[in-house]
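S.K.: What follows is a single structure, and I will ask about it in a moment.
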Amino acid sequence: MSYIKMNLKNGQNWTEDHIAHIETGIATNESKIDVIDKIINSVNDYTCDTSYYESEIADTVSKLRAACTDKSLVFAVVTDTHLNAEREEAFTKTLKNIKAVNEQFAIDFLFHLGDMIDSDPSRDKAIGYIEKIVNGFRSIVPNTFIINGNHDDNSSKENNSAIKLQPGERYAIFNRFNDIHVNRPGNKEYFYFDVDSMGVRFICLNSTIEVASGNSPLDSWGFPQEEITWLEDVALKTDYKVILTSHMGLIKDTICHGITPKNGTAVINAINNFQSNGGEVIGLFIGHCHWDYITNETGFNIVSTDCWKLDDTGFSTLGAHPSGAVKTTGRVDGTVTENAWDIVVVNTETGLVKIIRFGAGNDREYKYLSDSDPDNLLDTILTVNATGIGTGEVISAGPKVSVKGAPYDATTMHCSDFIPVNSGDAITYCLRGAGPWAAVLAFYTSNDVDTVVDVVPSVNTTLDVTGTYTCPSDGYIRIANRVDYNDGYVYIK
Numbered sequence: 004m005s006y007i008k009m010n011l012k013n014g015q016n017w018t019e020d021h022i023a024h025i026e027t028g029i030a031t032n033e034s035k036i037d038v039i040d041k042i043i044n045s046v047n048d049y050t051c052d053t054s055y056y057e058s059e060i061a062d063t064v065s066k067l068r069a070a071c072t073d074k075s076l077v078f079a080v081v082t083d084t085h086l087n088a089e090r091e092e093a094f095t096k097t098l099k100n101i102k103a104v105n106e107q108f109a110i111d112f113l114f115h116l117g118d119m120i121d122s123d124p125s126r127d128k129a130i131g132y133i134e135k136i137v138n139g140f141r142s143i144v145p146n147t148f149i150i151n152g153n154h155d156d157n158s159s160k161e162n163n164s165a166i167k168l169q170p171g172e173r174y175a176i177f178n179r180f181n182d183i184h185v186n187r188p189g190n191k192e193y194f195y196f197d198v199d200s201m202g203v204r205f206i207c208l209n210s211t212i213e214v215a216s217g218n219s220p221l222d223s224w225g226f227p228q229e230e231i232t233w234l235e236d237v238a239l240k241t242d243y244k245v246i247l248t249s250h251m252g253l254i255k256d257t258i259c260h261g262i263t264p265k266n267g268t269a270v271i272n273a274i275n276n277f278q279s280n281g282g283e284v285i286g287l288f289i290g291h292c293h294w295d296y297i298t299n300e301t302g303f304n305i306v307s308t309d310c311w312k313l314d315d316t317g318f319s320t321l322g323a324h325p326s327g328a329v330k331t332t333g334r335v336d337g338t339v340t341e342n343a344w345d346i347v348v349v350n351t352e353t354g355l356v357k358i359i360r361f362g363a364g365n366d367r368e369y370k371y372l373s374d375s376d377p378d379n380l381l382d383t384i385l386t387v388n389a390t391g392i393g394t395g396e397v398i399s400a401g402p403k404v405s406v407k408g409a410p411y412d413a414t415t416m417h418c419s420d421f422i423p424v425n426s427g428d429a430i431t432y433c434l435r436g437a438g439p440w441a442a443v444l445a446f447y448t449s450n451d452v453d454t455v456v457d458v459v460p461s462v463n464t465t466l467d468v469t470g471t472y473t474c475p476s477d478g479y480i481r482i483a484n485r486v487d488y489n490d491g492y493v494y495i496k
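Numbered as in this note's numbering, the sequence shown ends at 496 without a single skipped number.
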């Protein structure tokens with residue numbers, strides 16, 4: 004049967020889906036006219052009024068303009084669309100919203116962090132949904148990057164080789180198009196690319212392992228060993244700051260399903276080794292668990308974004324969540340809360356990362372560690388090695404004296420000079436050391452060790468202690484490390 008291409012209302016064209024609907028009507032003896040009327044009505048609904056987004060679009064653009072400088076990277080993060088027939092209309096609205104924002108403030112990159120689809124019994128439909136996402140995003144933000152999710156091989160619910168999209172197919176559909184921009188080993192689903200003007204490398208990880216047909220889909224959750232080797236020996240061999248993306252988190256508490264991903268610890272070790280050798284990690288951005296949170300319990304910031312699809316559960320009963328995790332509930336179709344995606348603004352000069360939420364949920368922000376900020380005199384780092392103050396540090400170290408109030412004598416601490424502060428100054432700190440009190444921040448009312456008022460110590464053997472100290476009056480602060488630990492540091496701003 005052949006069809007003549009004809010226009011519908013609003014300038015839309017007949018599509019294969021519309022034709023399929025007509026064929027279905029014929030097969031069930033439903034009137035062609037009735038079927039065509041239904042299609043026209045559905046298309047009108049598909050392009051329904053989205054004026055209720057105007058305020059959200061304007062607010063998002065305003066926040067972007069306020070947050071950005073010439074040292075900023077801007078990228079959109081969409082995750083866990085789980086696209087199916089029921090969600091196509093909502094996704095079209097998302098495309099319109101991203102387009103509206105991008106027309107007023109150009110987005111550098113767009114990342115889909117995986118689970119584009121929800122797994123469909125039909126391979127052809129699954130491919131169609133993926134192509135709708137990939138082509139839709141690329142038409143708005145050409146620098147679009149797709150991160151493989153556990154649903155995206157179309158076998159998450161049933162590891163069935165008959166409907167599964169094999170690695171080569173996935174590469175051809177949603178990875179091959181950007182190979183001109185990325186460094187990828189062969190047709191693997193992990194890659195990196197550099198933004199030379201900003202001194203930033205994006206490393207995009209694949210958190211699924213190929214398993215034999217008939218195995219549980221859960222067996223695929225993790226990072227292939229060859230990817231770990233590539234991460235250590237290739238991707239992290241850079242002097243640039245690093246941003247990582249992955250569908251899944253790295254440990255049980257950041258995967259939110261009560262499952263520890265295979266080789267997650269190996270990824271953590273590789274990233275922390277990069278940091279130990281002076282590398283800077285801006286953050287790891289993930290999806291999968293359908294919750295919002297920011298955690299640094301692995302030694303670097305992990306940022307999870309809630310799912311795009313309208314969902315109030317977020318696997319809340321399937322595993323632990325990091326402290327401070329939030330699940331956005333009360334989302335309503337036909338309102339701005341039907342959308343949930345982020346635009347991330349990274350200021351590579353100040354280290355501030357602003358995460359602007361479009362739709363349901365809240366804006367967030369955090370700071371990553373940076374060893375330079377020439378415009379801020381309180382940007383100070385002090386590190387210690389086995390022989391004392393390390394070479395090339397950004398401050399002149401004071402004498403070997405104790406911070407009064409710390410349980411160590413004058414020969415066991417290295418301290419910075421007294422740094423003047425004003426009443427009400429908010430001092431953001433990050434302390435790390437190989438034991439309790441290995442690093443401290445202290446406040447004094449004068450530049451005399453006997454006037455100490457407060458001491459904030461590190462408390463954990465491997466993790467950062469972060470927070471904000473508000474100076475109670477004019478005075479001075481100092482930071483210090485115990486000399487008997489060789490991996491301690493203090494950062495303040």
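We put the beta carbon where it would ideally sit given N, CA and C, even for glycine.
Would you check if the distance between the CB atom of V245 and the CB atom of I289 is smaller than 8 Å?
M.R.: Contact flag unset, no.
S.K.: Could you tell me the boundaries of the alpha helix (DSSP H) in which V137 lies?
M.R.: Looking at the DSSP string, the run of the alpha helix (DSSP H) that includes V137 is R126 to I143.
S.K.: If you draw a straight line from the alpha carbon of C474 to that of L444, how long is it in whole angstroms?
M.R.: C474 and L444: Cα-Cα distance of roughly 12 Å.
S.K.: Which of helix, strand or coil does DSSP assign to Y243?
M.R.: Reduced to three states, the DSSP call for Y243 is coil.
S.K.: Taking the alpha-carbon positions, what's the S158 to S210 distance?
M.R.: Between S158 and S210, the C-alpha separation is close to 15 Å.
S.K.: Within a Cβ cutoff of 8 Å, which residues of the same chain sit near S75, ignoring the five residues on either side of it in sequence?
M.R.: V348, V349, N350 and T351, listed in sequence order.
S.K.: Please identify the residue among D127, L98 and T147 whose C-alpha is closest to the C-alpha of D111.
M.R.: Among D127, L98 and T147, the Cα nearest to that of D111 belongs to T147.
S.K.: For T454, does the count of other Cβ atoms within 10 angstroms reach 16, so buried, or fall short, so exposed?
M.R.: With fewer than 16 Cβ atoms within 10 Å of its Cβ, T454 is classed as exposed.
S.K.: What residues in its chain sit with their C-beta under 7 Å from that of G395, if we drop five residues either side in the sequence?
M.R.: Reliability fails at G395, whose pLDDT of 28 lies under 50, so the model's placement of it is uncertain and the value that follows must be treated cautiously. Once the five neighbours on either side are set aside, G395 has no close Cβ partner at all.
S.K.: What residue range is occupied by the uninterrupted beta strand (DSSP E) comprising F498?
M.R.: Residue numbering for the chain in the displayed model covers 4 to 496; residue 498 lies beyond these limits and cannot be assessed.
S.K.: Which two residues bound the contiguous beta strand (DSSP E) that contains N181?
M.R.: Premise fails: N181 is in no beta strand (DSSP E) and is neither H nor E.
S.K.: Taking 8 Å as the cut-off, decide whether the C-beta atoms of G364 and D295 are in contact.
M.R.: Yes, they are a contact pair.
S.K.: Give me the Cα-Cα distance between I231 and W311, rounded to the nearest whole angstrom.
M.R.: Cα-Cα distance, rounded: 29 Å.
S.K.: Going by DSSP, name the residue or residues bridged to A3.
M.R.: Nothing about residue 3 can be reported from this structure: the residues present for the chain run from 4 to 496 only.
S.K.: Could you pull the start and end residues of the alpha helix (DSSP H) that W233 belongs to?
M.R.: Run containing W233: Q228 to W233, per the alpha helix (DSSP H) assignment.
S.K.: How would you write the range of the beta strand (DSSP E) that G286 sits in, first residue to last?
M.R.: Unbroken beta strand (DSSP E) run through G286: V284 to I289.
S.K.: With a threshold of 6 Å on Cβ separation, who are the neighbours of G152 within its own chain once the five nearest residues in sequence on each side are excluded?
M.R.: Result list for G152: G117, D118 and H250, in chain order.
S.K.: Does the pairing of the stretch 97-108 with the stretch 136-145 give three or more beta-carbon distances under 8 Å?
M.R.: Flag = yes, the stretch 97-108 and the stretch 136-145 touch.
S.K.: Compute the Euclidean distance between the alpha carbons of I43 and P188, then round it to the nearest angstrom.
M.R.: The predicted model places I43 with a pLDDT of 38, which falls under 50 and marks its position as unreliable; any figure quoted below should be read in that light. The straight-line gap from Cα to Cα measures roughly 47 Å.
S.K.: Per the DSSP calculation, Y193 is bridged to which residue(s)?
M.R.: Paired residue(s): none; Y193 is not in a bridge.
S.K.: Could you check what DSSP says for F303 in three-state terms: helix, strand or coil?
M.R.: If DSSP states are grouped into helix, strand and coil, F303 belongs with coil.
S.K.: Kindly indicate which three-state DSSP category N350 falls into: helix, strand or coil?
M.R.: In this structure, N350 counts as strand in the three-state DSSP scheme.
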